[in-house]
Amino acid sequence: MLRLLGLLFLLAASVYGDGFGLCSCPPSVAVVVNGVNYSDSFIRTDLPGGQQFLIDGTVNHIDELNPANSFSFTLHARTNQDTDIDFDTSISGDPTVAFIITQPFLGFGSFALNSTSAGRIQDLSGDGAASVFGSPFIQSTLLNTSIVDQLNTGCNASGLPGFTLDCPPRLNSLNSLFLPPPDPGFPPVNTMSLKIGFSLSNFDGYILTGGTTLTPTPEPAMVIPMVGVLLGMGGLAWRRRRKV
422 MLRLLGLLFL
432 LAASVYGDGF
442 GLCSCPPSVA
452 VVVNGVNYSD
462 SFIRTDLPGG
472 QQFLIDGTVN
482 HIDELNPANS
492 FSFTLHARTN
502 QDTDIDFDTS
512 ISGDPTVAFI
522 ITQPFLGFGS
532 FALNSTSAGR
542 IQDLSGDGAA
552 SVFGSPFIQS
562 TLLNTSIVDQ
572 LNTGCNASGL
582 PGFTLDCPPR
592 LNSLNSLFLP
602 PPDPGFPPVN
612 TMSLKIGFSL
622 SNFDGYILTG
632 GTTLTPTPEP
642 AMVIPMVGVL
652 LGMGGLAWRR
662 RRKV
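Next up, the structure:
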């Protein structure tokens, strides 16, 4: 019976995308605000075990000659080699923001990609209007530099002076992907990146959260044969028990 259970486990594992284990693969981050590179202002922390990482930093830019160019920007992110990127960020002023978080990982086969995005805009200028826009999307997920998912086009909001509104409410998308196996003898090194870009209206505020998760899934062509094998083996075991 133990041998049967072990065989069933191997059959189930064989139809899933392969995580392949961990590598020495810390994430990277690049941050540009109003055309200036602030990447060095963000610190990576390796958590115990070497599988999870934190990225944190804040940029406060004050332009006394042209206050419209002043801004404050904060980014917190958490990544996992097995494989996940989550972030939250807040910004105020009149900035154009662009940042990319990239997490390398090992794996191939079939995967499900689940992405989320949500924002909240505030009329800090008090003029009853606030807007934030991407080009056209604020959030993009890339695998090996190819875009595989996009969310959140921002909003153009109005209301009573000082209003705060969801921009947008929580969005979610789910996609099925396939990563081909590597060349024989080579590790299956891939990268997943979260690319964020937007422009905020003058002197207003925006809070943005989001993330993307890559999860191994069964190979579709293998699910039906595997179910048949499992049912057949279960029936065989049942008949043997009846004979005893």
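Note that the numbering used here numbers the sequence shown so that position 219 is 640, with each residue one more than the last.
All residues carry an ideal CB built from backbone N, CA and C; glycine is no exception.
All values derive from a computational prediction rather than experimental measurement.
Whole-angstrom distance between residue j and residue i, CA atom to CA atom
{"i": "residue 532", "j": "residue 485", "result": "50 Å"}
{"i": "residue 551", "j": "residue 443", "result": "44 Å"}
{"i": "residue 526", "j": "residue 464", "result": "20 Å"}
{"i": "residue 488", "j": "residue 450", "result": "28 Å"}
{"i": "residue 466", "j": "residue 605", "result": "34 Å"}
{"i": "residue 542", "j": "residue 480", "result": "19 Å"}
{"i": "residue 498", "j": "residue 634", "result": "13 Å"}
{"i": "residue 639", "j": "residue 611", "result": "19 Å"}
{"i": "residue 523", "j": "residue 460", "result": "13 Å"}
For residue i: DSSP bridge partner residues
{"i": "residue 524", "result": "613"}
{"i": "residue 478", "result": "463, 496"}
{"i": "residue 504", "result": "Answer is none; residue 504 lacks a bridge partner."}
{"i": "residue 449", "result": "523"}
{"i": "residue 621", "result": "553"}
{"i": "residue 483", "result": "Looking at the DSSP assignment, residue 483 forms no beta bridge with any residue, so it has no partner."}
Three-way DSSP call (helix, strand, coil) for residue i in this model
{"i": "residue 538", "result": "strand"}
{"i": "residue 455", "result": "coil"}
{"i": "residue 642", "result": "Low per-residue confidence applies at residue 642: pLDDT is 48, beneath 50, and the placement is therefore not dependable enough to give any value."}
{"i": "residue 488", "result": "helix"}
{"i": "residue 532", "result": "strand"}
{"i": "residue 513", "result": "strand"}
{"i": "residue 635", "result": "strand"}
{"i": "residue 472", "result": "coil"}
{"i": "residue 626", "result": "strand"}
Near the ligand SAH: residue i beta-carbon under 7 Å from a heavy atom
{"i": "residue 467", "result": "Absent from the structure shown: the ligand SAH. Ligands present: none."}
Contact the region 545-553 vs the region 624-632: 3+ CB pairs below 8 Å:
yes
In the region 551-619, which residue ranges form an unbroken beta strand (DSSP E) of at least 3 residues, counting only runs that do not cross its ends?
560-564, 567-572, 575-579, 585-587, 592-600
Decide if the region 448-466 is in contact with the region 500-518; the criterion is three or more beta carbon pairs, one per stretch, under 8 Å apart.
These segments touch.
Inter-stretch contact at 8 Å, needing at least 3 Cβ pairs: the region 605-621 / the region 555-574
yes
Does the region 501-508 come close enough to the region 463-477 to have 3 or more Cβ pairs within less than 8 Å?
yes
Does the count of Cβ pairs from the region 532-541 and the region 564-573 closer than 8 Å reach three?
yes
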